[in-house]
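Protein chains: 2
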Amino acid sequence: MHKYIRLANTLRYSGERISNGIRLSCTYKFNNDKHNSRNYSPSLILAATVSSFLAYKFYKNSKYVYLKETQQHINTEKYGAYQPNLPEYSLEEVSKHATKETKIWVIFRRGVYDITNFVEEHPGGDQIMLGAGNSIEPFWLLYGVHNQIQIYEILEKMRIGNVSEKDAGESIKDMSDPYDNDPKRHPILKPASLKPFNAEAPLSLLAENFISPNELFYVRNHLPVPEVDISTYELEVEVEDFKQFQKHTITATIMCAGNRRSEMSKLKMVKGLDWGCAAIGNATFTGVRLKDVLHKVGINEDSDYKHVQFEGLDTDSTGKSYGASIPFWKAVDKKSDVLLAYEMNGKPLPRDHGFPIRVIVPGVVGARNVKWLGKIIISQNESDSHWQQNDYKSFSPSVDWDTVDFKTSPAIQELPVTSAICKPEPGSTVKVQDGCIFVQGYAWSGGGKQIVRVDLTIDGGDNWHVANLDEQDSSSPPQHWSWTLWSAKIPVPKEKTQIDIHVKAVDSDYNTQPEHFKNIWNLRGVLSNAYHHVPINVKW
Amino acid sequence: MHKYIRLANTLRYSGERISNGIRLSCTYKFNNDKHNSRNYSPSLILAATVSSFLAYKFYKNSKYVYLKETQQHINTEKYGAYQPNLPEYSLEEVSKHATKETKIWVIFRRGVYDITNFVEEHPGGDQIMLGAGNSIEPFWLLYGVHNQIQIYEILEKMRIGNVSEKDAGESIKDMSDPYDNDPKRHPILKPASLKPFNAEAPLSLLAENFISPNELFYVRNHLPVPEVDISTYELEVEVEDFKQFQKHTITATIMCAGNRRSEMSKLKMVKGLDWGCAAIGNATFTGVRLKDVLHKVGINEDSDYKHVQFEGLDTDSTGKSYGASIPFWKAVDKKSDVLLAYEMNGKPLPRDHGFPIRVIVPGVVGARNVKWLGKIIISQNESDSHWQQNDYKSFSPSVDWDTVDFKTSPAIQELPVTSAICKPEPGSTVKVQDGCIFVQGYAWSGGGKQIVRVDLTIDGGDNWHVANLDEQDSSSPPQHWSWTLWSAKIPVPKEKTQIDIHVKAVDSDYNTQPEHFKNIWNLRGVLSNAYHHVPINVKW
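Chain order of the listed sequences is V and E.
Taken in order, the first sequence gives residues 1 to 540; the numbers are from UniProt numbering.
Taken in order, the second sequence gives residues 1 to 540; the numbers are from UniProt numbering.
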């Protein structure tokens, strides 16, 4: 039995009862074809196809790695190059080594590698087995995080041979970059990674506006941006259906779990994008409430479900979607502001932010605010996606990749309180005016909590100065979704020429931030919310 | 118009519409008399009466102050004693000095004091004006917190004269101790103050039981315990009415905002009871849901109110009740577990814990869990009581009694995450077994959040050990009301003979505790949730 719910001028939902709940799948209709439940852009189809072939030609600039420390592009051609002292293997021979029992071999460029002992240590989990007995390059194309000198070095240590001359010649195929169709971005965005594209605005711009402009809103993508053809898409407008759900607008801050990771990684390396303090933004989102849509298919707060799963239209090289889930009560609660949003700051959602529909779960980590929404599953179970089960979790500082058991920690949902100084910039020289320096920044806490105080110190906590809370949403906890922009004039003692400004925030549950990264360090570098500090020079 | 709701075998509520909402007032019926809306025990009536007289005879042992540091009772007779070098004033003369314009004089024993300049600094606020032009002793009887050497010293510095011989002789009257009718307590409870009675169990006993026994549950009273005559009370049983509301039981942890204050006050003095780590307990509470009662008088989650105020039957010397309020949504939310509780751990509420009815607001600071419930007011406004407006709030570490403005901070509701080591005790010698020491304790977070991890370190955070979470409530956030009892076996390096164990907890919003008290210090010593540490000796 199918119940169709027309949600907006963009999507059609079909309600279909499955064993563990109700599955709402989204159908896009195109001019020339109909794809049931998911549409692949041409480049994505290609990426999914070539993953079972060998492909030696890396994408543009792939042989270079950008080293932040030295600001240089390092040529990586030596990795995977032919080594005359090692044996040669045919592709067929390599393909026989695809299980633990037979040893696990992979190919990178001309190199053959035995990764048997590395499989369990692989930060990305079982995904590595997709390359077993075959080339790993398609996956490295998709997960740009591999494009690091350290990772090339790790791989090269497992080198056992070369791909035979015959097969190497034969198997060189062209491969399109799955990221070729990503949207153009504003050049001011500072990328933490290019493929997938992850970037933040300059911190000094961040606190300029209570509402973050779309073009400067931090981008956190896990996979290539799916392509939805807007010209054909518009043919689907069905105004009557669209009107049946009440349009709802909220202003909400979204933050990546890895925001401020770079401060934590200075202490000890962590796995993850090297975010600064600007993987956070505040925008007005318009759409329909998820609870209204669920109500239409007979689901309400009395229904016996535990989780709501979301799947994106962005897929990995095996066709698996990005996925996440939130507790059921959050979606159906009378006060729930969980949105299926189709507008951001009054404009259609930009592609980088989930066009045509993004789930907005205010107060909850960005990773659950699934973009390019493709499917909603009401379930007894959490999403089984990598990102819900084996990522976006935190651990004790002493847990490392040898001892981590992802089952022991809950998936991050609501985020703890945090704050950052946006101006002045670290290392800058600031003129003292009327004996004071002027400091600006943001503070935010997840779960609908409001910032009630921001404290600053320039003497290591001997004296604290209370900031002025300049801009706040007028809503009350537990539905206070926006960040707080603050500023402070801090008096500087006459003799000082260098100071280190520290900030901490307090939320309406009176939770506050931990002082140091040492005691909250975790191998994924998430929830990096210790005091932010900015050392500056002062000029009198 | 009055609507009567019979709530239990104990109380009768009358619903009466007032300007700012619905007022539910509670009526006790006694054998020999009927008191509308509030019953005063004889001792309380006396206290209220004598407050307008002079009274020189202090209650039993009042001339002694117990000094924790030296464990001695100090005789305080010299304070307020006749001083031949100072002028004498008649009672009539003193009574003319009761405003700022005429100067504010008060009497203590034979002493006359000019407190004009102190009034604004008085930590108890305007209450001090109750004694203007008169004796302050009745109030000091009621607020035992004044019985401290420092306070006697402060007062004596404002000394200007003596009460005249004639009036001193005349005005010496007997005064009953308003605390005479307080219940007997278990002698193992360690008082933070005797009048009002505030006490905690020994910390080493605290983590023995997931459910805290009634006799050992920490007691936090602000005023004398009101007396309700159970024998006459039982005549009010009306079983049919009682049955109309569904009986509901929750297990919830209640914690005082000042729990662990003694650790903060070591850094710099704070105002408040010198609580250890045991002003917290976990019990099963049974009663009826407040939302069911409100629904009966036509109030539900769609009603346009902002706050629910509670008043206790415990009153100060002017007849003013203890009062507090919580946000309206908390009381009427579909998931609300706010209870009008009449049982604690399966037994009628003990007198110290609010007999016959106590409001249980799980996840929220103890101060809003009003005992001896006398009145419920549904309102647009917060309670205007001293305890809601000018107490139980927190401030920046640099705010002192000269600069504090209570209006700038919100009343504490949900409490932040905290934890404590219950065993071993500080300074004790612990035998190392199998290379480890065994540590036990509790962790809790307000707002229905669950403890997800407890970390321990014995080397200042270089290595952290994850504790075993031994006992937890099975409910999920955001309705996880109970604490978590944990234990850990920590390996001790061979060479160590002294170690300092530190603990921190992480809750389901991934909030964690601040490291040091320095940066969360506040003048009221509330929310004292920095890492708890216990230095011990180890024996091999």
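Every residue gets a Cβ at the ideal spot worked out from N, C-alpha and C, and that includes glycine.
Rounded to whole angstroms, what is the Cα-Cα separation between residue i and residue j?
i              : j              : result
H122 (chain E) : I128 (chain E) : 7 Å
R524 (chain E) : K271 (chain E) : 5 Å
L203 (chain E) : T251 (chain V) : 46 Å
F118 (chain V) : H386 (chain V) : 19 Å
W481 (chain V) : H248 (chain V) : 14 Å
G346 (chain V) : R289 (chain V) : 17 Å
E165 (chain V) : V145 (chain V) : 30 Å
T484 (chain E) : V364 (chain E) : 16 Å
V399 (chain V) : Y82 (chain V)  : 38 Å
Q388 (chain V) : R453 (chain V) : 32 Å
T99 (chain E)  : D470 (chain E) : 59 Å
Y143 (chain V) : R220 (chain V) : 13 Å
K334 (chain V) : D384 (chain E) : 30 Å
G131 (chain V) : N522 (chain V) : 28 Å
C436 (chain E) : W464 (chain E) : 14 Å
Y305 (chain V) : G258 (chain V) : 30 Å
I451 (chain E) : F517 (chain V) : 20 Å
Give the single residue among the options whose Cα lies nearest to the Cα of residue i.
i                     : options                           : result
residue 545 (chain E) : E:V534, E:E120 and E:H97          : What the structure shows of chain E is the stretch from 1 to 540, and residue 545 (chain E) is not part of that stretch, so it cannot be assessed.
Q72 (chain E)         : E:N181, E:A279 and E:I149         : E:I149
G460 (chain V)        : V:I499, V:V370 and V:C436         : V:I499
E88 (chain V)         : V:Q246, V:P535, V:R110 and V:C422 : V:R110
K407 (chain V)        : V:G144, V:K291 and V:E382         : V:E382
Q244 (chain E)        : E:G287, E:L86 and E:H146          : E:G287
S476 (chain E)        : V:W329, V:E92, V:G80 and V:N259   : V:W329
T418 (chain E)        : V:N511, V:P491 and V:G374         : V:N511
I211 (chain V)        : V:T253, V:K184 and V:I520         : V:T253
residue 541 (chain V) : V:E495, V:C277, V:E77 and V:L349  : Since the first residue of chain V shown is 1 and the last is 540, residue 541 (chain V) is not available in this structure.
Would you identify the three-state DSSP class for residue i, choosing helix, strand or coil?
i                     : result
A98 (chain E)         : strand
R368 (chain E)        : helix
D304 (chain E)        : coil
Y233 (chain V)        : Note that Y233 (chain V) scores a pLDDT of 31, beneath 50, so its modelled location is shaky and nothing firm can be said.
I151 (chain E)        : helix
L294 (chain E)        : helix
Q83 (chain E)         : coil
I326 (chain E)        : strand
P416 (chain E)        : coil
S383 (chain E)        : coil
residue 543 (chain E) : Beyond the ends of chain E as shown, which are 1 and 540, falls residue 543 (chain E); an answer cannot be given.
K407 (chain V)        : helix
M129 (chain E)        : helix
E156 (chain E)        : helix
S52 (chain E)         : Legend: pLDDT at S52 (chain E) = 24, less than 50; position of this residue unreliable, value from coordinates given subsequently. In this structure, S52 (chain E) counts as coil in the three-state DSSP scheme.
Would you check if the distance between the CB atom of residue i and the CB atom of residue j is smaller than 9 Å?
i              : j              : result
H307 (chain V) : I378 (chain V) : yes
A505 (chain E) : D462 (chain E) : no
W192 (chain E) : L273 (chain E) : According to the sequence provided, residue 192 (chain E) is Ala. The question's Trp does not apply to it. Contact flag set, yes.
V534 (chain E) : I501 (chain E) : yes
E311 (chain V) : G374 (chain V) : yes
A443 (chain E) : E263 (chain E) : no
P213 (chain V) : P178 (chain V) : no
P327 (chain E) : Q246 (chain E) : no
F438 (chain V) : S474 (chain V) : no
CB of residue i to nearest heavy atom of the ligand ADP: below 8 Å?
i              : result
V119 (chain E) : Within the structure as shown, the ligand ADP is missing, as the structure has no ligands at all.
Listed in chain order, which residues of the segment 502-513 of chain V have Cβ atoms closer than 8 Å to some Cβ of chain E? K504, V506, S508, D509, Y510, N511, T512 and Q513
What are the residues of the segment 440-461 of chain E that lie near chain V, defined by any Cβ-Cβ distance shorter than 7 Å? G446, G447, V452, R453, D455 and G461
For the segment 470-490 of chain V, which residues have a beta carbon sitting closer than 7 Å to at least one beta carbon of chain E? none
Which residues, in chain order, does the segment 289-311 of chain E contribute to contact with chain V at a C-beta distance below 7 Å? E301
Members of the segment 412-424 of chain V near chain E, C-beta cut-off 8 Å: I412, Q413, E414, L415, P416 and V417
Contact residues within the segment 519-537 of chain V, judged by C-beta distance below 7 Å to chain E: N519, I520 and L527
At a CB distance below 7 Å, what residues from the segment 391-402 of chain E approach chain V? Give them in sequence order. S394, S396, P397 and S398
In chain order, what residues of the segment 328-340 of chain V put their CB closer than 7 Å to some CB of chain E? K334
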